[in-house]
Structures are given as C-alpha cells and as structure tokens.
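Novice:
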Amino acid sequence: MTPRLSKALNDLADEAGSYATVDAVLAETGRRRRRRTVIAAAAVLAIALGGGVIAALPKTSPPPLPQIATAPWPIPEAVAQTLPTTGPVGRAAYAYTTLGGNYLVTDDGRRFNLPNSGLLSPDGRWLGYGLAPDRYLVRDLTSDTVWPVSGGMGGLEWSADSRWLLLTDGTEPRQKWYLRLDTRDGAQRTSDVPLGFADAVLPSGEILYTADPFMRSAGADPLLTRYDPATGAKTEIPLAAPDDLLNGGTLVEPNEQRLTVMPGPASTALLGVYDAGGLTGLLEYDLEDRHLMARHEVPPTAGEWLVTAYHPTDGIILTLCDHTRTDVVLLDPIRGQYQTALTLPGKATINLTTSDR
C-alpha cells in the first residue's frame, strides 16, 4: 500500500468515528486490507480492461468457472433505509463504506444503513457486524437466523463456500486468538495460532496461517500451515516461488512487508507478486499437492492494484485506484479476461463483495 493511499484510508477511518467492535482495530492495523473498500458513490459500468494472460504451467488448471456475469452490479437506491433488526431482507450483492456511513446493497438495489462496516459472506447470505464492544452478530439475510458471538471478537475472513467465518480479537503485533463459527449450526470453536498470522479459513474448516509472514529468511520460499481447531493437527505447506515467475519481483509487499495470501475455491490460494510500484501478478497454488498452477498477470495500468477476494463464481476480484476513480475488476482465472463490474468516483477500496449473483 502506497503512503498516499494509506494516508487517505487513515483519514477516512478518522472521519468515520469509532466502530462498536474490534473491526476498527483490524482495519487500522491493516489486517483486512484485502477486503476493504471505502466507496464514495456507485456508478456502475461494465467494460473490458483488456486481455490478461495466464502463464501456461504443467499443472492442470481447475475446472472452468461459470461464465462471469455480464450484467452490472446493482446501482444502490439514492435513499438508504434502516436495516431491520430482525427478519429477512434478501440476499446482498455487496456492502461498502463511505465518509457518510456503511451500507448494504441487495440484489435488487435496495440500500440499507449498517452500524459498521461488517463482513459479508461470499454467497451474500450472511452478514457479520458488531453492535457493542463485546457483542457481534452473524445474521442470515434470508431468514430469521442469528448467531451471536461474544468476547470482543471481530470478523476477519469467510471461507469461499460461506460455511465458516474466522474471527479474531484484533491483538497486535501477533493475532493469536481466533474463533471459527460454523453457519450451519452456529457452533463456535476458539483456537490459538502461536507465532503466526491467520490468513484464512478453508472450506475444510482448517485455519490457514503464515508462520513467517515477513519472509525474514533471505531467499526463503513461503511456508504456510493448515491447522485444524477440532483436532489440533497441523500440516506444513512449503510453496516454491520460481524466479522466472517472479520476474524480478518479490512475494513481500513493498511497504507493509508481508505476504499477501488469498484463499480460493476448494484448496487453492493466491500469493501476490510485487515490485517497487506495487502488485504485478498473482501466483495460484494447489494447497493439496503444493503445485504452482498459474501466474495471473496484473495489467500495467496507472494506479494501485489490490486483490480483495477469490470467489467460486466471480473469479479473482481486484480493485484499481488512482486520484479520480476506483474500478472493481473481475479476473476470470481460466480465460485470463478482465471485466470492470463497478466504477466508483474518487479513491476507494471494496471491503465486501459477493459471488453467484
């Protein structure tokens, strides 16, 4: 993250006031940088950015994703409604934050005020948000089901299949205390990830974490760990980063000096490749057999690229920011095609998006 964008986001956080949960701590410390997007307004535009290229690798690609929808994401209504405290409101298309507030937008364009930024599941069904420092709710937007969470936890990451939500207490510099919630029955299990940062909860329910997220060992390849909170079993996943696919770049972010690890559908994950100017590509790995599947190129377009999600049907979701606009961009990892799903005036970062709309 460039100092310019970092300052802008910090200014926005100051303007937004205090959140009711540790979500504020998570945002300020940068742990949710991949999912944040502060949206100033919503002008929807469906255009092509041009053809991206996926490097041909020996590893067989995963089954093709369903066709990326060509319809624009819904334009939110001009007047926001108050989100009812109980009952269904319908599946959400996305959620966003501005200097004026936090909003949820449904598939039909209805816009609701949120008490804070919250965390929306990939299928648009579940919304997690805080109501008090020690009260967090995970709510089914299509029914009356609500799962309460106590203990000062805040939402961190959803699994790609929307079954699991990973929460944390937001402590720094190591976030060691985590809670995993199962949306099927509301079951909650706490766990301690020693000396590491949790990056995801996988569809298997395992927590994926990075023992050395700063890559302090010179020339070291990334090492991830799968941890099962139910059994305590740990499996190390060494991943090779070939020099020819780094193209002179590095897996460590230039300013925050951390790995970017983005879980995907099934057992896939993305690692960001950076140079001094920012994100240049994404390496996709199969976590089961540990093979590098592909390198996804990020177009050399003026502005700052951020990867925000890897969804089962929308593909890889990125944002591109400059001084005047922010584009929300979908990358089809099979065809290597980019599509702009949303164009926002001013600087922004999408914090919540959904797939399979």
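For any residue, its number in the working numbering is found by taking its place in the sequence shown, counting from 1, and adding 206. Glycine included, every Cβ here is placed at the ideal spot set by N, Cα and C. The structure presented is a predicted model; accordingly, all values stated were derived computationally and were not measured.
Specify, as a first and last residue, the run of the alpha helix (DSSP H) that D450 falls within.
Specialist: Mapped onto the sequence shown, residue 450 falls at position 244. Taken as a continuous stretch (DSSP letters only), the alpha helix (DSSP H) holding D450 covers D449 to L452.
Novice: If I'm right that P435 touches S397 with Cβ under 8 Å, what's the distance once you round it to whole angstroms?
Specialist: Taking the sequence shown and counting its residues from 1, one reaches residue 435 at position 229. Taking the sequence shown and counting its residues from 1, one reaches residue 397 at position 191. Their Cβ separation, rounded to whole angstroms, is 4 Å, which keeps P435 and S397 in contact under 8 Å.
Novice: Mapping the DSSP letters down to three states, classify W332 as helix, strand or coil.
Specialist: As a position in the sequence shown, residue 332 is number 126, starting the count at 1. Looking at W332 - three-state DSSP - the assignment turns out to be strand.
Novice: Look up T235 in the DSSP assignment and say whether it is helix, strand or coil.
Specialist: As a first step, residue 235 is located in the sequence shown; it is residue number 29 there, counting from the start. For T235, the pLDDT reaches just 39, beneath the cut-off of 50, and the residue's location in the model is therefore unreliable, although a value from the coordinates is still provided. If DSSP states are grouped into helix, strand and coil, T235 belongs with the helices.
Novice: Under the assumption that V467 contacts A406 (Cβ atoms under 8 Å), give the Cβ distance between them as a whole number of angstroms.
Specialist: Numbered from 1 along the sequence shown, position 261 holds the residue referred to as residue 467. Numbered from 1 along the sequence shown, position 200 holds the residue referred to as residue 406. With a Cβ gap of about 7 Å, V467 and A406 count as contacting.
Novice: For the putative contact between L465 and P428, defined by C-beta atoms under 8 Å, what is the C-beta separation to the nearest angstrom?
Specialist: Looking up residue 465 in the sequence shown gives position 259. Looking up residue 428 in the sequence shown gives position 222. Indeed, because the Cβ distance is near 6 Å, the residues count as touching under 8 Å.
Novice: With 16 as the cutoff for other CB atoms within 10 Å, does T437 come out buried or exposed?
Specialist: Mapped onto the sequence shown, residue 437 falls at position 231. Exposed is the call here.
Novice: Quick check on Q545: does DSSP put it in helix, strand or coil?
Specialist: In the sequence shown, counting from the first residue as 1, residue 545 sits at position 339. The answer is strand: DSSP assigns Q545 an E or B state.
Novice: Report, in whole angstroms, the separation of the C-beta atoms of R331 and D346, which I expect to be a contact under 8 Å.
Specialist: Within the sequence shown, residue 331 is the residue found at index 125, counting from 1. Within the sequence shown, residue 346 is the residue found at index 140, counting from 1. Indeed, because the Cβ distance is near 6 Å, the residues count as touching under 8 Å.
Novice: Would you identify the three-state DSSP class for V479, choosing helix, strand or coil?
Specialist: As a first step, residue 479 must be located in the sequence shown, where it is residue number 273. Strand.
Novice: What's the C-alpha gap between T351 and N308?
Specialist: By one-based count along the sequence shown, residue 351 stands at place 145. By one-based count along the sequence shown, residue 308 stands at place 102. Whole-angstrom Cα-Cα distance: 22 Å.
Novice: Reducing DSSP to helix, strand and coil, say where T519 ends up.
Specialist: Here the question's residue 519 lines up with position 313 in the sequence shown. It is coil, neither helix nor strand.
Novice: Quick check on N308: does DSSP put it in helix, strand or coil?
Specialist: In the sequence shown, counting from the first residue as 1, residue 308 sits at position 102. N308 falls in the strand class under three-state DSSP.
Novice: With a cut-off of 8 Å on the beta carbons, I'd call Y342 and V355 a contact; round off their distance for me.
Specialist: If you number the sequence shown from 1, residue 342 lands on position 136. If you number the sequence shown from 1, residue 355 lands on position 149. About 4 Å separates the two Cβ atoms, so the contact holds.
Novice: Taking 9 Å as the cut-off, decide whether the C-beta atoms of L320 and G361 are in contact.
Specialist: What you label residue 320 is simply residue 114 of the sequence shown in a count that begins at 1. What you label residue 361 is simply residue 155 of the sequence shown in a count that begins at 1. Taking 9 Å as the Cβ cut-off, L320 and G361 do not qualify as a contacting pair.
Novice: Whole angstroms are fine: how far does the CA of S473 sit from the CA of E494?
Specialist: Locating residue 494 in the sequence shown gives position 288, counting from the first residue. Locating residue 473 in the sequence shown gives position 267, counting from the first residue. If you take the alpha carbons of E494 and S473, they lie about 6 Å apart.
Novice: Out of T519, R390 and K440, point me to the one whose CA is closest to D538's CA.
Specialist: Counting from 1 along the sequence shown, the entry for residue 538 is found at position 332. Of the candidates T519, R390 and K440, the one whose C-alpha sits nearest the C-alpha of D538 is T519.
Novice: Can you pull the DSSP bridge partners for Q287?
Specialist: In the sequence shown, counting from the first residue as 1, residue 287 sits at position 81. Answer by DSSP bridge pairing, in chain order: F318.
Novice: Report the three-state DSSP secondary structure of L493 (helix, strand or coil).
Specialist: Your numbering for residue 493 matches position 287 in the sequence shown. If DSSP states are grouped into helix, strand and coil, L493 belongs with coil.
Novice: Please name the residue or residues paired with V344 in a DSSP beta bridge.
Specialist: Here residue 344 refers to the residue found at position 138 when the sequence shown is read from its first residue. Note: V344 sits in a beta bridge opposite G334 and W353.
Novice: Please name the residue in G455, P469 and L387 whose C-alpha comes closest to that of Y415.
Specialist: Your numbering for residue 415 matches position 209 in the sequence shown. Answer by Cα proximity: P469.
Novice: Just to confirm, are W383 and D375 a CB contact at a threshold of 9 Å?
Specialist: As a position in the sequence shown, residue 383 is number 177, starting the count at 1. As a position in the sequence shown, residue 375 is number 169, starting the count at 1. Result yes, Cβ atoms of W383 and D375 sit closer than 9 Å.
Novice: Find the nearest neighbour of I281 within the set K440, Y302, A515 and V295, judged by alpha-carbon distance.
Specialist: The sequence position of residue 281 within the sequence shown is 75, counting from 1. For the residues K440, Y302, A515 and V295, the minimum Cα distance to I281 belongs to Y302.
Novice: Here's the rule I'm using: 16 or more other beta-carbon atoms within 10 Å means buried, otherwise exposed. How should V285 be labelled?
Specialist: If you number the sequence shown from 1, residue 285 lands on position 79. Exposed.
Novice: Mark R496 as exposed unless 16 or more other C-beta atoms lie within 10 angstroms of its C-beta, in which case mark it buried.
Specialist: Within the sequence shown, residue 496 is the residue found at index 290, counting from 1. So R496 counts as exposed.
Novice: Quick check: A404 and L372, are their CB atoms within less than 9 Å of each other?
Specialist: Looking up residue 404 in the sequence shown gives position 198. Looking up residue 372 in the sequence shown gives position 166. Going by C-beta atoms, A404 is nearer than 9 Å to L372.
Novice: Is A301 helix, strand or coil when you go by DSSP?
Specialist: As a first step, residue 301 is located in the sequence shown; it is residue number 95 there, counting from the start. Correct three-state label for A301: strand.
Novice: Who are the near neighbours of V295 in its chain, counting only those whose CB is closer than 6 Å to its CB and skipping five residues on each side?
Specialist: Translated into the one-based positions of the sequence shown, residue 295 becomes position 89. Contacts found: L347.
Novice: Could you tell me the alpha carbon to alpha carbon distance between N453 and W353, rounded to whole angstroms?
Specialist: By 1-based counting over the sequence shown, the position of residue 453 is 247. By 1-based counting over the sequence shown, the position of residue 353 is 147. Cα to Cα, the separation comes out at about 46 Å.
Novice: Quick check: what's the CA-CA separation for P328 versus P448?
Specialist: In the sequence shown, counting from the first residue as 1, residue 328 sits at position 122. In the sequence shown, counting from the first residue as 1, residue 448 sits at position 242. Straight-line Cα distance between these residues: approximately 31 Å.
Novice: Assuming A488 and H502 are in contact, meaning their beta carbons sit under 8 Å apart, how far apart are those beta carbons, in whole angstroms?
Specialist: On the sequence shown, position 282 is the one that residue 488 refers to. On the sequence shown, position 296 is the one that residue 502 refers to. Residue identity differs from the one stated: residue 488 is Leu in this sequence, not Ala. Contact flag correct, Cβ pair sits at about 4 Å.
Novice: So is T514 buried or exposed if we call it buried at 16+ other beta carbons inside 10 Å?
Specialist: Locating residue 514 in the sequence shown gives position 308, where the first residue counts as 1. Label assigned to T514: buried.
Novice: Could you name the residues of the same chain whose beta carbon sits closer than 6 Å to that of L310, not counting the 5 residues immediately before and after it, in chain order?
Specialist: Residue numbering aside, residue 310 sits at position 104 when the sequence shown is read from its first letter. Excluding positions up to five away in sequence, the list reads A298, A301, F318 and L320.
Novice: According to DSSP, is V513 helix, strand or coil?
Specialist: Taking the sequence shown and counting its residues from 1, one reaches residue 513 at position 307. In the structure shown, V513 sits in a strand (DSSP, three-state: E or B).
Novice: So the beta strand (DSSP E) V535 belongs to, where does it begin and stop?
Specialist: Reading the sequence shown from its first residue, position 329 is the one you call residue 535. Per DSSP, V535 belongs to the beta strand (DSSP E) from R531 to D538.
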